[in-house]
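Step one of this worksheet: look at the structure below.
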Amino acid sequence: MWREPTVAKKLGTVALFLGAFVLALAALSKFYMYDQLAQVPLNQDTTSEATTAPGADGEYLDVAAGLKVSNGPLKNVKVVRGDIDASKKASKELGRDVAVWDIYDSTDTADFDFGSGETPLTGTSDRVAFDRNTGEAVKYEDTKSEADGETIEPADIKGLYFKFPFDAQKKTYQFWDGTLREATPAKYVGEGEVKGLKVYKYRQTIEPIKTGTIDVPGDLIGEKATTVTADQIYSSVTDYSIEPVTGVVIWGQTAQDNYLELDGERVLTTTKATLAYTDANVQKNVDDYKGKSTLLSAVKTTVPVGGLILGILLIGAGLFLRLKSDGSKGARHSDKDELVSSR
């Protein structure tokens, strides 16, 4: 004769289904949702600014002013725009998730109108294809690099370019340097905070190195000859403070010291300045990526670990309730049989 399931058995069944659902959600979060979320967007559209600190003017060779060494505040503007169609095409052709972004990087005086169309003191334009998760540049024909009137197509860019990987580690990464046109080490140097947000700090140091030669008027460097060929020397120290979950650079600073050398002796400074992200830029980065970091952390760790524990507890409780219900039922049947046999 059919008997209606006990309340304990019903609760046990519900607990088993809930446990299985929570475990499935935990696995989905760990092995699918995180991979989908830990990718840079294809439609990136950002503008960032870095300036010299008040009272810490830069020194630079002003070509437009007739090769005159000048001093004053400097500003750097980077405009980054993603190309959705090119990204989809690259991903299909390369068989991996790739983003194609264009960056316009220019530096001039603090009062220069970067939207005027006029030529800044320095300016570069790169089109970069890179892995959407690791941030590593990938070789792709639809890339290019333009600087000093020279265009390289395709651009042979290597290492990290825009950002660090999602889930960045405390180790050395290779980060692209546009002047050297090669990736050099960005070493992990410790943890810190930027406006209350936890960051990892990295430093990329490039010791003075010859990058080429240039013909300059002799009187510019104190020589009697009409024209003198001097060595171009470049050096820089770049500091990155990144949010480790997203790999985004929250704060950055570059100190450059570039000069001309003649017979191993420094004869003229071409650029000497330290430019750091503006406070408004840093605050915007913190506001934009603090929430994204929390979401990614939850999807990668909190949900999978919490779901695993909760799922196991629910399944355990479900099995216990069902077994207890079956045991109680068996005991009742045994009592009934004893009563019948004693009559």
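For the sequence shown, the positions run 1 to 343 when the UniProt record's numbering is used. Built from N, CA and C at the ideal position, the CB exists for glycine as well.
Taking 8 angstroms as the threshold (C-beta atoms), are Thr172 and Ala155 in contact?
Locating residue 155 in the sequence shown gives position 155, where the first residue counts as 1. Locating residue 172 in the sequence shown gives position 172, where the first residue counts as 1. Contact: no.
Would you kindly work out how many angstroms separate the C-alpha atoms of Ser341 and Ile309, rounded to a whole number?
Here the question's residue 341 lines up with position 341 in the sequence shown. Here the question's residue 309 lines up with position 309 in the sequence shown. Any answer about Ser341 is weak, because its pLDDT of 48 lies below 50 and its placement is not dependable; what the coordinates show is given next. Cα to Cα, the separation comes out at about 48 angstroms.
Please specify which runs of the beta strand (DSSP E), each continuous and at least 3 residues long, are wholly inside the region 204-284, giving them in chain order.
227-243, 248-262 and 265-277
Where does Glu193 fall in DSSP's three states?
In the sequence shown, residue 193 corresponds to position 193, counting from 1. Note: Glu193 maps to strand in three-state DSSP.
Exposed or buried, which one is Asn71 when buried takes at least 16 other CB atoms within 10 Å?
On the sequence shown, residue 71 is found 71 positions in, with the first residue counted as 1. Burial call: exposed.
Whose C-alpha, out of Gln232, Pro244, Gly82 and Leu11, is nearest the C-alpha of Ser293?
Within the sequence shown, numbered from 1, the residue matching residue 293 stands at position 293. Comparing Cα positions, the closest option is Pro244.
Who are Tyr202's beta bridge partners in DSSP?
Position 202 of the sequence shown, counted from the first residue, corresponds to residue 202. Paired residue(s): Tyr188 and Tyr240.
Considering only residues of the same chain and omitting the five flanking positions on each side of Thr13, which have a CB-CB separation below 6 angstroms?
By 1-based counting over the sequence shown, the position of residue 13 is 13. For Thr13, where only same-chain residues beyond five positions count, there are no Cβ hits under 6 angstroms.
Tell me, please, whether the region 61-80 touches the region 280-287 by the rule of three or more beta-carbon pairs shorter than 8 angstroms.
The region 61-80 vs the region 280-287: no contact.
N-terminal and C-terminal residue of the beta strand (DSSP E) that Asp35 is part of:
Within the sequence shown, residue 35 is the residue found at index 35, counting from 1. It is not in any beta strand (DSSP E) - Asp35 instead sits in the alpha helix (DSSP H) that spans Tyr34 to Leu37.
Assign Phe130 to buried or exposed, taking buried as 16 or more other Cβ atoms, counted over all protein chains shown, within 10 Å of its Cβ.
For the purposes of this step, residue 130 is identified with residue 130 of the sequence shown, where counting begins at 1. Classification for Phe130: buried.
Could you check whether the Cβ of Val77 sits closer than 7 angstroms to any heavy atom belonging to the ligand GDP?
For the structure depicted, the ligand GDP is absent and the ligand set is empty, with no information on it obtainable.
Below 6 angstroms CB to CB, which residues in the same chain sit around Ile312 once its five sequence neighbours on both sides are set aside?
Locating residue 312 in the sequence shown gives position 312, counting from the first residue. No residues qualify anywhere along the chain.
According to DSSP, Gln174 sits in a beta bridge with which residue or residues?
By 1-based counting over the sequence shown, the position of residue 174 is 174. Per DSSP, Pro185.
One question on the structure: do Gly252 and Thr270 come within less than 8 angstroms of each other, judged by their Cβ atoms?
Locating residue 252 in the sequence shown gives position 252, counting from the first residue. Locating residue 270 in the sequence shown gives position 270, counting from the first residue. No, the Cβ-Cβ distance between Gly252 and Thr270 is not below 8 angstroms.
Let me check understanding here. Comparing Cα to Cα, which of Val228, Val100 and Phe175 lies closest to Val249?
The residue given as residue 249 occupies position 249 in the sequence shown. When only C-alpha atoms are compared, the closest one is Phe175.
When you compare only the Cα positions, how much space is there between Tyr34 and Arg266?
Locating residue 34 in the sequence shown gives position 34, counting from the first residue. Locating residue 266 in the sequence shown gives position 266, counting from the first residue. Roughly 52 angstroms separates the two Cα atoms.
What do you reckon, are the CB atoms on Ala147 and Gly247 nearer than 8 angstroms?
By one-based count along the sequence shown, residue 147 stands at place 147. By one-based count along the sequence shown, residue 247 stands at place 247. Contact: no.
Can you tell me where the beta strand (DSSP E) holding Glu59 begins and where it ends?
By one-based count along the sequence shown, residue 59 stands at place 59. Element bounds for Glu59: Gly58 to Asp62.
What does a CB cutoff of less than 6 angstroms around Tyr202 pick up in its chain, not counting 5 residues either side in sequence?
For the purposes of this step, residue 202 is taken as the residue at position 202 of the sequence shown. Excluding residues within five positions, the ones whose Cβ falls inside 6 angstroms are Ala186, Tyr188 and Tyr240.
Nearest-angstrom beta carbon gap, Thr211 and Leu180 [assumed within contact, 8 angstroms]
Position 180 of the sequence shown, counted from the first residue, corresponds to residue 180. Position 211 of the sequence shown, counted from the first residue, corresponds to residue 211. Right, their Cβ atoms sit about 7 angstroms apart.
Starting from Ala90 and walking both ways along the alpha helix (DSSP H), at which residues does that stretch end?
Within the sequence shown, numbered from 1, the residue matching residue 90 stands at position 90. Segment Ile84 to Leu94, the alpha helix (DSSP H) holding Ala90.
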